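Trainee: For reference, the structure I am asking about is given below.
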Amino acid sequence: MRRKLIAGNWKMNGSQSVNAALLSDIRSGAGQATCDIAVCVPAPYFAQCQSLLGGSSIAWGGQDLSIHEAGAFTGEVAASMLADFGCAFVIVGHSERRTYHGESNDLVAKKTVSALRSGLTPIVCVGELLEQRESGKTDEVVGAQLDAVLAAISAEELAKIVVAYEPVWAIGTGKTATPQMAQNVHAMLRGKLQAKNPKAAGEVKILYGGSMKPDNAGELLAMADIDGGLIGGASLKAADFLAIIRAA
Ligand code: PGA
Numbered sequence: 071m072r073r074k075l076i077a078g079n080w081k082m083n084g085s086q087s088v089n090a091a092l093l094s095d096i097r098s099g100a101g102q103a104t105c106d107i108a109v110c111v112p113a114p115y116f117a118q119c120q121s122l123l124g125g126s127s128i129a130w131g132g133q134d135l136s137i138h139e140a141g142a143f144t145g146e147v148a149a150s151m152l153a154d155f156g157c158a159f160v161i162v163g164h165s166e167r168r169t170y171h172g173e174s175n176d177l178v179a180k181k182t183v184s185a186l187r188s189g190l191t192p193i194v195c196v197g198e199l200l201e202q203r204e205s206g207k208t209d210e211v212v213g214a215q216l217d218a219v220l221a222a223i224s225a226e227e228l229a230k231i232v233v234a235y236e237p238v239w240a241i242g243t244g245k246t247a248t249p250q251m252a253q254n255v256h257a258m259l260r261g262k263l264q265a266k267n268p269k270a271a272g273e274v275k276i277l278y279g280g281s282m283k284p285d286n287a288g289e290l291l292a293m294a295d296i297d298g299g300l301i302g303g304a305s306l307k308a309a310d311f312l313a314i315i316r317a318a
């Protein structure tokens, strides 16, 4: 059985004082957890995670990375820099990056490769817009997003990625995909992983994201191919995040 992963996506939120309280509450509350836990924070706070979470079972990560290794790329952050601060994970291709920064499937694939080369676990996000779901294009859109990544990595590297299905219409809106709606997409994604590497596909975690909260986490996480959650809003409140961890 796949061990579940509950990953927080703080997005552009936090301050040193707010984070200190949140991280210490999560650290003390997660003591008995039987799932994997991570928080993906804004880059300026990697060092704070390193000092406050170091030695615990809680991992930390970034929310984006550059495809370049170093050099004249003002404002960008390299995969090696995340690794230098102890990041284990990095979110790649979040819908907010795709929408506000024009990230294409091709760029997301390149970022996935950059993450893997530095030993980071990329959390590759895929998801459809509301109009795409309503016009019956969900599998086509989400499938193409994953296909671009699968084409860029080797069969061995497949074992080192995490996939997150995040229907764009469910992110931060309070609307959640029903467990069955999510499961259907997860099963389709699992099929693509199987075609690439039948052995490793069973071990790859596919997270659900989009308004996962304490009151709906249990039923989502009970589905066969939902291996955890990528949690936005609810990861900013220790009590909610811990309740989701307990549900896992
Ligand atoms: P949400 O965000 O939980 O606030 O909907 C999820 C995400 O964007 O990763």
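Take 71 as the starting number for the sequence shown in our numbering and just add one per residue.
C-beta atoms are modelled at their ideal positions from N, C-alpha and C, and glycine is treated no differently.
In this text, all values refer to a predicted model and were calculated from it rather than measured experimentally.
Determine whether the beta carbon atoms of A317 and D310 lie at a separation below 7 Å.
Mentor: Contact: no.
Trainee: Quick check on the burial criterion: 16 or more other C-beta atoms within 10 angstroms. Buried or exposed for R187?
Mentor: By the neighbour-count rule (16 or more Cβ atoms within 10 Å), R187 is not buried but exposed.
Trainee: Indicate the three-state DSSP secondary structure (helix, strand or coil) for P192 in the structure shown.
Mentor: Strand at P192.
Trainee: Which residue wins for smallest C-alpha separation from L190, given the options G101, I231, G172?
Mentor: Nearest of G101, I231, G172 to L190, Cα basis: I231.
Trainee: Output yes or no for whether 7 Å exceeds the beta carbon distance between E146 and C195.
Mentor: No; because the gap between Cβ atoms is not below 7 Å, this pair is not in contact.
Trainee: Roughly how many angstroms lie between the CA atoms of I301 and A140, to the nearest whole one?
Mentor: Cα-Cα distance, rounded: 31 Å.
Trainee: How would you label D285, buried or exposed, when you count the other beta carbons within 10 angstroms and need 16 or more for buried?
Mentor: Under this definition D285 is an exposed residue.
Trainee: Under 7 Å, do G299 and L263 count as touching if we go by C-beta distance?
Mentor: Contact flag unset, no.
Trainee: Hey, how far is the Cα of L92 from the Cα of Q120?
Mentor: Going by the C-alpha atoms only, they are around 14 Å apart.
Trainee: Quick check on the burial criterion: 16 or more other C-beta atoms within 10 angstroms. Buried or exposed for H171?
Mentor: Looking at its Cβ environment, which holds fewer than 16 other Cβ atoms inside 10 Å, H171 is exposed.
Trainee: Could you pull the start and end residues of the alpha helix (DSSP H) that G280 belongs to?
Mentor: Here G280 belongs to no alpha helix (DSSP H), and DSSP marks it neither H nor E.
Trainee: Check the DSSP bridge columns for W130 and list the partner residues they point to.
Mentor: DSSP lists V109 as partners of W130.
Trainee: Should R73 be labelled buried (16 or more other beta-carbon atoms within 10 Å of its own) or exposed?
Mentor: With fewer than 16 other Cβ atoms within 10 Å, it is exposed.
Trainee: Drop a sphere of 10 angstroms on the beta-carbon of M82, count the other beta-carbons inside from all chains shown, and report buried for 16 or more, exposed for fewer.
Mentor: When all chains shown are included, M82 counts as exposed.
Trainee: Buried or exposed: which applies to V88, given that a residue is buried once 16 or more other Cβ atoms fall within 10 Å of its Cβ?
Mentor: Under this definition V88 is an exposed residue.
Trainee: Within 10 angstroms of its Cβ, does E201 collect 16 or more other Cβ (buried), or is it exposed?
Mentor: With fewer than 16 Cβ atoms within 10 Å of its Cβ, E201 is classed as exposed.
Trainee: For the segment 152-191, list the beta strand (DSSP E) runs that are entirely contained and at least 3 residues long, ordered along the chain.
Mentor: Counting only runs of 3 or more, we get 159-162.
Trainee: In or out: M282 buried (at least 16 other Cβ within 10 Å) or exposed?
Mentor: Buried, since its Cβ has 16 or more Cβ neighbours within 10 Å.
Trainee: Please list, in chain order, all residues of the same chain as I315 whose beta carbon is under 7 Å from its beta carbon, the five residues on each side excluded.
Mentor: Closer than 7 Å at Cβ, skipping near neighbours: I76, A100, A103, C105, I107.
Trainee: One question on the structure: do R97 and S126 come within less than 7 Å of each other, judged by their Cβ atoms?
Mentor: Contact flag set, yes.
Trainee: Kindly indicate which three-state DSSP category C294 falls into: helix, strand or coil?
Mentor: According to the sequence as given, residue 294 is Ala; it is not Cys. Residue state, collapsed to three classes: coil.
Trainee: In the DSSP assignment, find the beta strand (DSSP E) that holds L75 and state where it starts and stops.
Mentor: Residues 75-79.
Trainee: For the alpha helix (DSSP H) containing E222, list its first residue and its last residue.
Mentor: This sequence places Ala at residue 222; Glu is not what is there. From DSSP, the alpha helix (DSSP H) with A222 extends over 208-222.
Trainee: Got a sec: does the ligand PGA put a non-hydrogen atom nearer than 6 Å to the Cβ of S281?
Mentor: Yes, the beta carbon of S281 sits closer than 6 Å to at least one heavy atom of the ligand PGA.
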